[in-house]
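Worksheet: the structure to be examined is printed underneath.
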Amino acid sequence: MAKELKELTSRAENYSQWYQDLVIKAGLAENSAVRGCMVIKPYGYAIWEKMQRALDDMFKETGHVNAYFPLLIPKSFMSREADHIEGFAKECAVVTHYRLKNSADGKGVVVDPAAKLEEELIIRPTSETIIWNTYRNWIQSYRDLPILINQWANVMRWEMRTRLFLRTAEFLWQEGHTAHATRSEAEEETLRMHNVYARFAEEFMAMPVIKGRKTESERFAGALETYTIEAMMQDGKALQAGTSHFLGQNFGKAFDVTFIDQDGKTDYAWATSWGASTRLVGALIMAHSDDNGLVLPPRLAPIQVVIVPIYRNAEQLAQISAKANAIVAKLKTLGITAKYDDADNRKPGWKFAEYELKGIPVRLAIGARDLENNTIEVMRRDKLEKETLPCDNIETYIQSLLDDIQHNIYRKAHDHRASHIVNADTYEEFKEKIEEGLFIMAHWDGTPETEERIKNETKATIRCIPLEGDKTPGRCMLTGQPSACRVLFARSY
């Protein structure tokens, strides 16, 4: 384990390689035999499961229910909504045949040309089309509305340049798809779920986010409005951590989803969709971790507390085990996930390094002297600080300590962002600041032409038009034309 830590590239040396090293060495994921796809290993999946549980509870608190729709979508469905197909056409994987057969030389299998599908099927890049085709059968009256459905699923978007968790051809996510009787209800739903994502990011991921609207060119394909939460990673790049889309009546019209309203008139249903994916695991890593390994917020750590025994003989181990197991039992009654690691195939020093690498929030150690003094060593991962405390009521102290660690990790990330976000009033100033890895608030004239030029010349994009903050009008930093407010620019993942 010490060797693995030594081989972990530092953030200052190469941030991108540090991230890749950490994902692999902490046992979160690895590349698969399928190009562009990843294997999520048990520890990485355990983090995703914690995210799932928290988000799923939040969705259900707001009235949503889970369902599941097909992985395969008829190609004709994708052409119903013009903007939607334009946005996803280049990323679609297509199923053309349904059977294989042995090759003539007997050395393998080939696609059976006689098994060609009458209509090709698309492996879902997102599910609006298949779901709205289904909603047509479910909706006849305003009494059938709203429909508030979420789906936990995998999707496929053919990516050429991939990075574990952040951008893979196949990834896991949740996608909410709701139908409403009025525009105002759909818009309210869009903002409600936008706020859910922001609350999850800040309260569970300990990751401060900026809430805002996407520009027209950055909206989801087929949306009238897209809301996003943007987070700053430690290298100053932005990561889009969740989006919520107001789809208007576009999909209602495309799939002829009509209903009789309270006045007896026929209208098209109003739609929203919203989603967050396993790239949140990547965000969690890059927002908080350090050169020693992962730093996990306690609310998302698969194991919150680990206890390591330090002993010379079996008698000492038996005494330590009795004390450690009692502590684990009490922690579990408080809802804290704890592990006692008494495996004899690794030395304590190796275990300390391993749990540091894996980001366990609190590590406890009990040795012979602790048995004599009724004490225990407590190490918090976020600060790498140790202290020796009495064993009595240590569980209550740890419960409070975990809360403090959660808040401290958030404060650290918040302070980092605050010190790396600046205003720029001229294009020259902007180009200098963007090279420093900063978030930049600058005026923009609102045209896609200016937005595209800035992107091409600096690799910075408008991450969002913030919903809160300085709304003072000004002049575009590039063209000098009037600007309604400052927008957020950054380079991004």
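In this text, residue positions in the sequence shown follow my numbering: the first is 49, and each later residue adds one.
The C-beta atom is built at its ideal place from N, Cα and C for all residues, glycine as well.
Legend entry - Stretch-stretch touch, CB-based, cutoff 8 Å, three pairs: the stretch 359-370 with the stretch 440-457: no
Legend entry - Inter-residue CB distance, P438 and N422 (contact presumed, cutoff 8 Å): Along the sequence shown, one-based indexing puts residue 438 at 390. Along the sequence shown, one-based indexing puts residue 422 at 374. With 8 Å as the limit, P438 and N422 qualify as a contact, their Cβ atoms being about 6 Å apart.
Inset, instruction - Tell whether a beta-carbon distance below 7 Å holds between N202 and L214. - result: Numbered from 1 along the sequence shown, position 154 holds the residue referred to as residue 202. Numbered from 1 along the sequence shown, position 166 holds the residue referred to as residue 214. No, they are not a contact pair.
Inset, instruction - Check whether the stretch 501-513 touches the stretch 256-269, counting contact only when three or more Cβ pairs, one atom from each stretch, lie closer than 8 Å. - result: yes
Legend entry - DSSP state of H112 mapped onto helix, strand, coil: Residue numbering aside, residue 112 sits at position 64 when the sequence shown is read from its first letter. Coil.
Legend entry - Residue nearest to I482 in terms of C-alpha spacing, selected from H464, A372, D473 and A508: To locate residue 482, count along the sequence shown from 1; it is residue 434. Comparing Cα-Cα distances from I482 to each of H464, A372, D473 and A508, the minimum goes to A508.
Legend entry - Distance between P345 and R247 (C-alpha atoms, nearest Å): To locate residue 247, count along the sequence shown from 1; it is residue 199. To locate residue 345, count along the sequence shown from 1; it is residue 297. Approximately 15 Å between the Cα atoms of the pair.
Legend entry - Residue interval of the beta strand (DSSP E) (run including P256): Looking up residue 256 in the sequence shown gives position 208. Here P256 belongs to no beta strand (DSSP E), and DSSP marks it neither H nor E.
Inset, instruction - Between the Cα of A269 and those of I308, K380, H462 and T174, spot the shortest distance and give me the residue it belongs to. - result: Within the sequence shown, the letter at position 221 stands for residue 269. Selected option, being the one with the closest Cα: T174.
Inset, instruction - Please determine if the stretch 220-236 and the stretch 130-139 are in contact, where contact requires at least 3 C-beta pairs separated by less than 8 Å. - result: no
Inset, instruction - Specify, as a first and last residue, the run of the alpha helix (DSSP H) that V376 falls within. - result: Your numbering for residue 376 matches position 328 in the sequence shown. Counting along the chain, the alpha helix (DSSP H) containing V376 begins and ends at A362 to T381.
Legend entry - Contacting residues, own chain, Cβ-Cβ under 8 Å from I187 (five flanking each side not counted): In the sequence shown, the residue the question calls residue 187 occupies position 139. Counting only Cβ-Cβ distances below 8 Å, and skipping sequence neighbours, we find L193, I195, A227, V305, T306, F307 and A317.
Inset, instruction - Given a cut-off of 7 Å, decide if M86 and T177 are closer than it, judged by their beta-carbon atoms. - result: Your numbering for residue 177 matches position 129 in the sequence shown. Your numbering for residue 86 matches position 38 in the sequence shown. Going by C-beta atoms, T177 is not nearer than 7 Å to M86.
Legend entry - Which residues DSSP lists as bridging T320, in chain order: In the sequence shown, the residue the question calls residue 320 occupies position 272. For T320, which the question treats as bridged, DSSP gives the partners T226 and F294.
Inset, instruction - Out of E273, Q288 and T274, point me to the one whose CA is closest to M280's CA. - result: Position 232 of the sequence shown, counting from 1, holds the residue named residue 280. Cα-wise, what sits closest to M280 is Q288.
Inset, instruction - Over the uninterrupted alpha helix (DSSP H) stretch that includes Q199, give me the two end residues. - result: Counted from its first residue, the sequence shown places residue 199 at position 151. First-last for Q199: I195 to M204, but that is the beta strand (DSSP E), not the alpha helix (DSSP H).
Inset, instruction - Check each candidate in R231, N79, S467 and L419 and name the one with the smallest Cα separation from G284. - result: The residue given as residue 284 occupies position 236 in the sequence shown. Here the closest residue by C-alpha is S467.
Legend entry - Cross-strand partners of D315 (DSSP beta bridge): As a working note, residue 315 is residue 267 in the sequence shown. Answer by DSSP bridge pairing, in chain order: F307.
Inset, instruction - Check the DSSP bridge columns for Y388 and list the partner residues they point to. - result: Within the sequence shown, residue 388 is the residue found at index 340, counting from 1. For Y388, which the question treats as bridged, DSSP gives the partners I355.
Inset, instruction - Tell me whether the beta-carbon of T326 lies closer than 7 Å to the beta-carbon of W96. - result: The count along the sequence shown starts at 1 and reaches residue 326 at position 278. The count along the sequence shown starts at 1 and reaches residue 96 at position 48. Contact flag set, yes.
Inset, instruction - Evaluate V142 with the Cβ neighbour count: other Cβ atoms within 10 Å of its Cβ, from every protein chain shown; 16 or more gives buried, anything less gives exposed. - result: Numbered from its first residue, the sequence shown carries residue 142 at position 94. V142 comes out exposed.
Inset, instruction - Using a threshold of 7 Å, state whether the C-beta atoms of R613 and V410 are closer than that. - result: The first residue shown for the chain is 49 and the last is 541, placing residue 613 beyond what the model contains.
Inset, instruction - State buried or exposed for N25, treating a residue as buried only when at least 16 other CB atoms are found within 10 Å of its CB. - result: Residue 25 is absent from the structure shown; the chain starts at 49 and stops at 541.
Inset, instruction - Assign A254 to buried or exposed, taking buried as 16 or more other Cβ atoms, counted over all protein chains shown, within 10 Å of its Cβ. - result: The sequence position of residue 254 within the sequence shown is 206, counting from 1. Buried.
Inset, instruction - Report yes or no: do three or more beta-carbon pairs, one from the stretch 67-83 and one from the stretch 334-353, lie closer than 8 Å? - result: yes
Inset, instruction - Might you give, ordered along the chain, the residues of its own chain that have their beta carbon closer than 6 Å to the beta carbon of H242, omitting 5 neighbours on each side? - result: Mapped onto the sequence shown, residue 242 falls at position 194. Hits under 6 Å: Y275 and S292.
Legend entry - Selected residue, minimal CA-CA separation from L70, among L405, V113, I375 and K479: Start at 1 with the first residue of the sequence shown, and residue 70 comes out as number 22. Considering only alpha carbons, the answer is L405.
Inset, instruction - Determine the DSSP secondary structure at H491, reduced to helix, strand or coil. - result: Position 443 of the sequence shown holds residue 491. Strand.
Legend entry - Three-state class that DSSP yields for R240 in the structure shown: Residue 240 sits at position 192 when you count from the first residue of the sequence shown. Looking at R240 - three-state DSSP - the assignment turns out to be helix.
Inset, instruction - Determine the contact status of I442 and Y388, defining contact as a CB-CB distance below 7 Å. - result: Translated into the one-based positions of the sequence shown, residue 442 becomes position 394. Translated into the one-based positions of the sequence shown, residue 388 becomes position 340. Against a cut-off of 7 Å, the Cβ pair of Y388 and I442 comes out as no contact.
Legend entry - M208 burial status per 10 Å Cβ neighbour count (16 or more: buried): Stepping through the sequence shown from its first residue, residue 208 is reached at position 160. It counts as exposed.
Inset, instruction - Give the range of the beta strand (DSSP E) segment to which F537 is assigned. - result: Stepping through the sequence shown from its first residue, residue 537 is reached at position 489. Element bounds for F537: R534 to A538.
Legend entry - Three-state class that DSSP yields for F219 in the structure shown: Taking the sequence shown and counting its residues from 1, one reaches residue 219 at position 171. Looking at F219 - three-state DSSP - the assignment turns out to be strand.
Legend entry - Pair within 7 Å by beta-carbon distance, V343 and G397: In the sequence shown, the residue the question calls residue 343 occupies position 295. In the sequence shown, the residue the question calls residue 397 occupies position 349. No, the pair does not count as a contact, with Cβ atoms beyond the cut-off.
Inset, instruction - Quick one: using the 10 Å Cβ neighbour count with 16 as the cut-off for buried, is V82 buried or exposed? - result: In the sequence shown, counting from the first residue as 1, residue 82 sits at position 34. Exposed, by the Cβ-count rule.
Inset, instruction - Select from Y541, T506, P350 and G341 the residue whose C-alpha is nearest the C-alpha of E55. - result: Here the question's residue 55 lines up with position 7 in the sequence shown. Closest option to E55, Cα to Cα, is G341.
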